[in-house]
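Undergrad: Here the sequence shown stands for residues 1483 to 1638, where the numbers follow this note's numbering.
This is the structure I have questions about; it appears just below.
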Amino acid sequence: MIDSADSSSTRPYLIRALYEWCTDNGLTPFIAVLVDETVRVPNEYVKDGEIVLNISFDATSSLTMGNEFIEFKGRFGGKARDIFVPVDRVVAIYARENGQGMAFPMLARSAAAPTAAPAAEGKSTVLTQVTNVVAGEGVDPPRPSGGGKPALTRIK
């Protein structure tokens, strides 16, 4: 019998499963990420220590979703960028079109790897909004500070 402390996290498997579900159903998979020094994303699109990324086939190239990290090349403002996200920094994956998906708890980090400063009142804005969308409360997630397209439409 495997001790649960020795078993691997279910998070990367659930992320891959929901990515595949979105793709199979013609939906656009988005991930919400809490940014710290281990995450490599365009800082101009980070708001309150968080970023929402489109990980669809059309928006990425060389997408790798491993057990430890998600890595791909994506375009931001017309410029290709290398993206690197440790799986434990992903707080949600959901479909842009209907908000269906899953939110994850933040894993505890060691003292050697501090996290980014928390959002207002110690809560993740993206996680709270995505959780509300998944629960059917119809909240629009934040837009990138660079003026990009809205991530979701309001769901009632």
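Beta carbons are placed, not taken as given, at the ideal position from N, Cα and C, and that holds for glycine.
Keep in mind the model is a prediction, meaning the values are calculated, not measured.
Look at the Cβ atom of Pro1511, then the Cβ atom of Ser1538, and state whether they are nearer than 7 Å.
TA: yes
Undergrad: Between Leu1516 and Val1573, is the Cβ-Cβ spacing less than 7 Å?
TA: Closer than 7 Å, so yes.
Undergrad: Which term fits Glu1546, buried or exposed, when burial requires 16 or more other beta carbons within 10 angstroms of its beta carbon?
TA: As written in the sequence, residue 1546 is Thr, which differs from the Glu given in the question. By the 10 Å Cβ count, Thr1546 comes out exposed.
Undergrad: What does DSSP give as the partner residue(s) for Asn1536 in the beta ladder?
TA: Phe1512
Undergrad: State yes or no: is the C-beta of Phe1558 within less than 7 Å of the C-beta of Thr1542?
TA: No, they are not a contact pair.
Undergrad: Would the C-beta of Asp1530 count as close to the ligand FAD, meaning under 6 Å from any of its heavy atoms?
TA: This structure simply doesn't include the ligand FAD, nor any ligand for that matter.
Undergrad: Whole angstroms are fine: how far does the CA of Asp1570 sit from the CA of Ala1562?
TA: 24 Å
Undergrad: Tell me where the alpha helix (DSSP H) around Ala1499 begins and ends.
TA: 1493 to 1506
Undergrad: How would you call Ala1499, buried or exposed, if buried means at least 16 neighbouring beta carbons within 10 angstroms?
TA: exposed
Undergrad: For Glu1553, which of helix, strand or coil comes out of DSSP?
TA: strand
Undergrad: Buried or exposed: where does Ile1519 fall if 16 or more other Cβ atoms within 10 Å of its Cβ makes it buried?
TA: The sequence given here places Glu at residue 1519; Ile does not occur at that position. Exposed: under 16 other Cβ atoms inside 10 Å.
Undergrad: So what does DSSP say about Val1569, is it helix, strand or coil?
TA: helix
Undergrad: Given that a residue counts as buried once 16 or more other Cβ atoms are within 10 Å of its Cβ, and exposed if not, what is Glu1526?
TA: So Glu1526 counts as exposed.
Undergrad: Can you give the Cα-Cα distance for Asp1506 and Tyr1576, rounded to whole angstroms?
TA: 14 Å
Undergrad: Between the C-alpha atoms of Arg1522 and Asp1564, what's the straight-line distance to the nearest angstrom?
TA: Taking the straight line from one Cα to the other gives about 7 Å.
Undergrad: Tell me where the beta strand (DSSP E) around Gly1583 begins and ends.
TA: 1583 to 1585
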